[in-house]
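Below is one structure; the comments refer to it alone.
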Amino acid sequence: MLNWIKAFDGQRSHRVRYGNALAKSNLLQTAPLQGAVTSCTLYNVFINDIAELEQTVTGVKCLLYADDPVLWYSAPMKNALDRTESALNCALKLLAYWYKDTTIYKINVFTYLGMTFDTKLAWKSHIAKMADRVSNRLNVLKRLAGSVWGCACSNLNTTYKMFIQPIVLYRCEPLITATEVTLKPLEKAHNQTLRLITGVIKSTPIDVMLLVTIKSTLIDAMLQVAGNTTIKQMRSLAIETINVNYPADQWLQVFTDGSNIVNQANVSAGVYSELFSFYVASGQNRSAFEEGVEAISGKRYELLGEKNKTVVLQWIPGHCGIKGNEVADTRAKNWTTILQCMDQPTSFHIMMTLIRREFQTSRYNELKARTKEKQWTVALSDIPDWPRIEAVAEFRLRTGHDSLAKHLHRLGVYAQPTCS
């Protein structure tokens with residue numbers, strides 16, 4: 001087989017065609033054509049046994065993505081460092097022996113699937129690369145807007161969210177552990193984006209620009225993505241599971257849902273199927289998920305009492321167009337408006353969920369509180385869709401940060417060139 005592959009790929013000539021033009025012919029020695037299907041296939045065959053070989057070491061796991069292998073090992077806290085180092089060293093010796101005793105050199109920074117890791121997991125190198133990519137893409141915003149011409153603020157904001165922000169938020173979950181000093185280059189690029197969108201000068205407070213554009217700092221956006229990643233994955237998997245594995249024409253689908261309206265203590269649970277529907281009160285200061293459990297518990301005896309019946313519990317995402325789930329949610333909301341005097345204890349898990357939810361909204365509430373006494377807080381709400389020249393001029397005048405004082409100082413009218 002090896003001789004056949006060598007004969008097939010070796011001693012062949014190739015040339016490149018572009019339109020009707022042909023490049024000079026070149027002779028291949030023993031290597032396949034770059035970019036050919038055979039190149040990728042032969043390479044995959046060559047490295048296919050690496051993962052199986054490395055996992056012969058107890059506890060070591062291995063994954064391959066194209067030509068990037070990754071090894072990891074997990075251990076209890078007791079002697080974790082020594083055990084991890086010993087296991088990975090054994091795996092690296094096997095890898096070196098696998099390819100003709102090649103020496104494997106240690107490096108301090110490496111990239112895997114777009115993430116740049118360093119030995120201390122400080123993410124400094126990764127953030128520096130991200131900041132460079134963001135700065136390069138900011139040139140697009142500069143071409144779309146000036147101080148007296150260009151797109152409206154809302155269009156620039158959308159361009160940023162679609163073209164630049166995905167670079168920052170790509171696998172940003174680990175970056176929440178980075179220090180403020182490490183995140184400084186990204187924050188600087190983020191603030192530069194705000195100034196490009198609004199057309200203001202450097203002395204304008206960041207809070208002013210946040211109110212009319214993105215409405216969240218870079219750190220807040222990362223925290224939100226880190227908290228929602230698992231939920232997004234579960235949503236897509238849940239919809240696929242219920243439609244494929246449990247179709248409505250073969251299963252009796254009973255939808256349950258809980259309702260917990262913001263700024264309202266009452267919560268309730270709703271149940272719906274094609275044969276029946278009802279809703280019940282569940283008390284105060286509880287989560288909608290806990291009320292879903294309450295709804296399932298209210299029906300469990302009847303369902304499990306049926307002999308020779310298979311009962312499957314399937315989580316589905318809310319407000320995704322499934323009729324039964326929408327009706328159950330409506331039933332649950334009906335009871336939240338009714339006075340409830342039930343005294344039920346709140347679990348530790350639910351209390352932590354409520355605290356986390358409050359924390360997610362606290363940053364924006366702090367922003368509104370800091371700017372509540374400012375004269376421009378209400379006046380800025382109708383600016384985003386104005387023509388560029390009018391929006392920039394109005395924005396600068398309402399905030400009081402413009403170049404007028406500097407111009408009047410140059411003419412001798414003002415004593416100081418700075419804003420008052």
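What the sequence shown shows, in the UniProt record's numbering, is residues 1 to 420, in sequence order.
A virtual CB, placed ideally from N, CA and C, is assigned to each residue, including glycine.
The Cβ atoms of Ala91 and Leu71 sit closer than 8 Å to each other.
For secondary structure counted as the alpha helix (DSSP H) over 4 or more consecutive residues, the region 130-190 holds these complete runs in sequence order: 153-159 and 165-169. With a threshold of 16 other beta carbon atoms within 10 Å, Leu218 meets it and is buried.
By the C-beta criterion, the region 145-153 is judged not to be in contact with the region 94-102, since fewer than 3 inter-stretch pairs fall below 8 Å. For the set Trp251, Ala152, Ser362 and Asp257, the Cα lying nearest the Cα of Pro387 is the one of Ala152. By the criterion of at least three beta-carbon pairs nearer than 8 Å, the region 111-128 is not in contact with the region 152-167. Put simply, of Val181, Glu187, Ser74 and Met130 the residue whose alpha carbon is nearest the alpha carbon of Arg171 is Met130.
The Cβ-Cβ distance between Tyr246 and Val312 falls below 8 Å.
Taking Arg15 as the centre and dropping the five residues before and after it, the same chain places the C-beta of Leu22, Ala23 and Ser25 closer than 6 Å to its C-beta, in chain order. Around the beta carbon of Arg396, a 10 Å sphere encloses 16 or more other beta carbons of the protein chains shown; the residue is thus reported as buried.
Three or more Cβ pairs closer than 8 Å define a contact, and the region 397-410 meets that threshold against the region 195-208. Between Val327 and Trp251, the alpha-carbon positions lie close to 18 Å from each other. Proximity to Lys184 across Lys406, Leu367 and Asp132 peaks at Asp132, based on C-alpha coordinates. Classified as exposed, Glu274 has fewer than 16 neighbouring CB atoms from the shown chains inside 10 Å of its CB. For the options Ser39, Thr41, Ala87 and Asn44, the alpha carbon positioned closest to that of Gln55 is the one of Ala87. In this structure, the CA atom of Ser13 is about 27 Å from the CA atom of Ile47. In terms of Cα proximity to Leu211, the closest of Lys106, Ala369 and Gly324 is Ala369. For Phe163, the number of other beta carbons within 10 angstroms of its own is below 16, and it is reported as exposed. Selection Ala66, Val37 and Thr38 evaluated against Ile50 yields Ala66 as nearest (Cα-Cα).
Listed as beta-bridge partners of Met115 by DSSP are Tyr112. With fewer than 16 other Cβ atoms inside 10 Å of its own Cβ, Gly412 counts as exposed. In this structure, the alpha-carbon of Asp220 lies about 13 Å from that of Leu186. DSSP, reduced to helix, strand and coil, places Gly412 outside both helices and strands of the structure shown, so it counts as coil. The C-alpha of Val109 lies about 10 Å from the C-alpha of Met115. Straight-line measurement puts the Cα of Tyr99 at about 22 Å from the Cα of Trp4. Annotation for Tyr65: the continuous beta strand (DSSP E) segment containing it runs Val60 to Tyr65.
With a 10 Å radius around the Cβ and a threshold of 16 neighbouring Cβ atoms, Val37 comes out exposed. Its chain contains Met115 and Thr116 as the residues whose beta carbon lies nearer than 7 Å to that of His126, once the 5 sequence neighbours on both sides are disregarded; these appear in chain order. Cβ contact annotation for Arg331 (same chain, cutoff 8 Å, sequence separation greater than five): Asp257, Gly270, Val271, Tyr272, Ser277, Phe278 and Tyr279, in chain order. In terms of CA proximity to Gln314, Phe255 leads the group Gln416, Asn139, Glu173 and Phe255.
The straight-line gap separating the alpha-carbon atoms of Ile316 and Thr241 is approximately 9 Å. For the set Thr371, Thr102 and Asn325, the Cα lying nearest the Cα of Met209 is the one of Thr371. Between Tyr160 and Leu175, the CB-CB gap reaches or exceeds 8 Å. Straight-line spacing of the CA atoms in Val200 and Ser135 works out to 18 Å.
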